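Scroll down for the structure; my scribbles are underneath it.
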Amino acid sequence: LLALLAEVYDTSVHNLIDLDDREHLTPADTLLISRIDRTGPGENRDLSLPVAPPSAGHPQQPSPLAERGEIPSHLGTPWPAIGAGASVVGGGTATPIPSSVGVGGGPAVAFAEGLSGVFHSSDPVGYLRDQIRACAGADGAQGPAAALPTMLGTISAIEDAMRREPLGHRRELLGLGARAAEFVGWLYRDAGLLPAASYWQDRGEQWAQEAGDLPLQGYILLKKSQLAWDERDGARMLTLAQAVQDGPWTLPASVRSEAAQQEARGHALTTRDLVAVERKLNEARDLLAASVREQGEQDMSQHYSSALLMLQTALCYAAAGQPDRALAIFQRELRPAAFSLRDYGYFRALMAGVLADLGEPDEAASVGAQALSIGRITGSVRTWTEVSRAVHALTPWVARPSVRELKDAMVTAALPLAAAHRPSPPLFG
């Protein structure tokens, strides 16, 4: 928000912050504000998320995907350099300096202004709904940087429509805003900024409540349960998943299927009770099979599939201390054709962790390197974080060349601060 105001008033962010407030800024916020101000007032501030770093000793070449127009050109810019002495999840390689991700700079402002004419059309709500779906499609292949500016602009446009449109349209717009806010929460989650993700989930939940949309409230609780997984907070993951299933709403079978699977993983993380884990996984499979016969689920569960449930089942087994069963599922089910590029890279990173737990350091390092390469293309800090966990699990084999190469690659990747390090929230849009 401060970045937007600085654009409007042609000044620096520092000039918009009281002296007393500056004294209480966290180092991460100070770094973020300094990065914004370095461009100077009135200049085009690029707050997007870069992706691929230059290799040591080799000039960086444009990504083949970027050359074909399949990812935005700005995703070929290098990550910021990182300092020495940092640590990854659980210790080990370097933690990158945090980078701001779509906090609502120039692109979001321009998009919001460009939508001003939409509200003179016959179906502004339909237009905005299509915009959200288009961003969701771009995110799977290109990562959060491709969608965040547009989505923040879409939310600004929705808020503007709430003021402009007749009162009778407000609840419909609130429901649309809730879906947009939930999706922005997901984008920040994939960008590794969990406090920002939580903020937008809360905002989406509040709008869903005002809209009287009970199913969406339950769906957002499911997303909060997924956020707890990123923090490996098994207790919160478990109780949120149970709340999704017990709440006063009617949810599509596919959403209930994923909630049952989330509960299974919560049991695996907290108690390793295999009886409870298997019971909930069986329930999840039955519900997903029933969802095939249901209609009208697209708004909430378009992504959920048997392939995804199988890989989540593998995560349940891994968390329950059965990595051999988890690996068998990964080897059988993880195929590029079944997932978006981002999700394929993310699950490869998780597979690397399972291989490390099984004492297969060379294969774990190879799979982890593949995941890291995909994470560079998609800008997925979730993927980077899981590779970081795998690197930590490979500590006993750090002298092996393959493990050392992966550890070095983690350093040179210089992705933004990972979720597990709890960076301070960005300047919310």
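Be aware that the sequence shown starts at 86, since it is given in this note's numbering, and climbs by one per residue.
Virtual Cβ for every residue (Gly too), placed ideally from N, Cα, C.
Source: prediction; values computed, not measured.
Short of 6 Å in beta carbon distance, which residues of its chain neighbour P408, apart from the five on each side in sequence? Order them along the chain.
Taken in chain order, the residues that qualify are V439, D442, L443.
Starting from Y429 and walking both ways along the alpha helix (DSSP H), at which residues does that stretch end?
Secondary structure note for Y429: its alpha helix (DSSP H) is the uninterrupted segment 426 to 442.
Limits of the unbroken alpha helix (DSSP H) element including D371
Looking at the DSSP string, the run of the alpha helix (DSSP H) that includes D371 is 359 to 376.
Inter-stretch contact at 8 Å, needing at least 3 Cβ pairs: the segment 323 to 343 / the segment 366 to 377:
Result yes; three or more Cβ-Cβ pairs closer than 8 Å.
Which term fits Q387, buried or exposed, when burial requires 16 or more other beta carbons within 10 angstroms of its beta carbon?
It counts as exposed.
Would V488 and P446 qualify as a contact pair, given that the criterion is a beta-carbon distance under 8 Å?
The answer is yes: Cβ separation under 8 Å.
Backbone CA spacing between G228 and V362 [nearest angstrom]
Taking the straight line joining both Cα atoms gives about 32 Å.
Measuring only from the beta carbon, is T355 closer than 7 Å to any heavy atom that is part of the ligand FMN?
Absent from the structure shown: the ligand FMN. Ligands present: none.
If I measure Cβ to Cβ from L336 and keep anything under 6 Å in the same chain, skipping five residues before and after, which residues do I get?
When the five nearest sequence neighbours on each side are left out, the beta carbons in the same chain lying within less than 6 Å of the beta carbon of L336 are those of P300, G303, in order along the chain.
If we call anything under 8 Å between Cβ atoms a contact, is A405 one with A437?
Going by beta carbons, A405 and A437 fall outside the 8 Å limit.
Alpha carbon to alpha carbon, what distance is there between V496 and I182?
No answer about I182 holds up, because its pLDDT of 25 lies below 50 and its placement is not dependable.
For T356, count neighbouring C-beta atoms within 10 Å of its own C-beta (all shown protein chains included) and say buried if the count is 16 or more, exposed if not.
That one is exposed.
Starting from the C-beta of G351, find all residues in its chain whose C-beta is less than 7 Å away, skip the five residues before and the five after it, and write them out in chain order.
Counting only residues of its own chain and dropping the five nearest sequence neighbours on each side, G351 has a CB closer than 7 Å to the CB of G319, M322, L323, A326.
Between the C-alpha atoms of L278 and R467, what's the straight-line distance to the nearest angstrom?
Between L278 and R467, the C-alpha separation is close to 10 Å.
Nearest residue (CA-CA) to Y402, options G260, G262, T235, E348
Ranking the options by Cα distance to Y402, first place goes to E348.
To the nearest angstrom, how far is the alpha carbon of L400 from that of A411?
Annotation: L400 to A411 spans about 7 Å, alpha carbon to alpha carbon.
What residue from H254, A369, E244 has the CA that sits closest to Q330's CA?
It is A369 whose Cα lies nearest to the Cα of Q330.
At which residues does the alpha helix (DSSP H) containing G406 begin and terminate?
First-last for G406: undefined, no H or E at that position.
H352 in three-state terms, based on DSSP
Note: H352 maps to helix in three-state DSSP.
Given that a residue counts as buried once 16 or more other Cβ atoms are within 10 Å of its Cβ, and exposed if not, what is G460?
Answer is buried; the Cβ neighbour count reaches 16.
Return the chain-ordered list of same chain residues with a C-beta closer than 7 Å to the C-beta of L435, the five sequence neighbours on each side being excluded.
Around L435: L400, E471.
My understanding is that L359 touches L396, with C-beta atoms under 8 Å, so please give their C-beta distance in whole angstroms.
By a beta-carbon distance limit of 8 Å, L359 does not contact L396. Their separation comes to about 19 Å.
Going by alpha carbons, who is nearest to R288 out of T398, L259, A328?
Nearest option by C-alpha distance: L259.
Have a look at L312 and A494 and give me their C-alpha separation to the nearest angstrom.
Approximately 27 Å, taken between the alpha carbons.
Identity of the residue in T235, L252, A276 nearest A265 by Cα:
Nearest Cα to A265 within the set T235, L252, A276: T235.
Closest residue to I305 among Y284, R317, E316 (Cα-Cα distance):
Closest in alpha carbon position to I305, among Y284, R317, E316, is Y284.
Endpoints, alpha helix (DSSP H) assigned at G453:
Where G453 is concerned, the enclosing alpha helix (DSSP H) stretches over 446 to 463.
Which of the three DSSP states is assigned to T335 in this structure?
Collapsing the DSSP output to three states places T335 in coil.
Which of helix, strand or coil does DSSP assign to L306?
Correct three-state label for L306: helix.
Let's test the definition: count the other Cβ atoms within 10 Å of the Cβ of L252 and tell me whether it reaches 16, buried, or not, exposed.
Exposed: under 16 other Cβ atoms inside 10 Å.
Which class does G175 belong to by DSSP, given the choice of helix, strand or coil?
Its pLDDT being 39, under 50, G175 is placed unreliably by the model, and nothing is read from it.
State the CB to CB distance for the pair A296 and R256, rounded to an integer number of angstroms; the pair is presumed to be in contact (CB under 8 Å).
That belief holds up - the Cβ atoms of A296 and R256 are roughly 5 Å apart, short of 8 Å.
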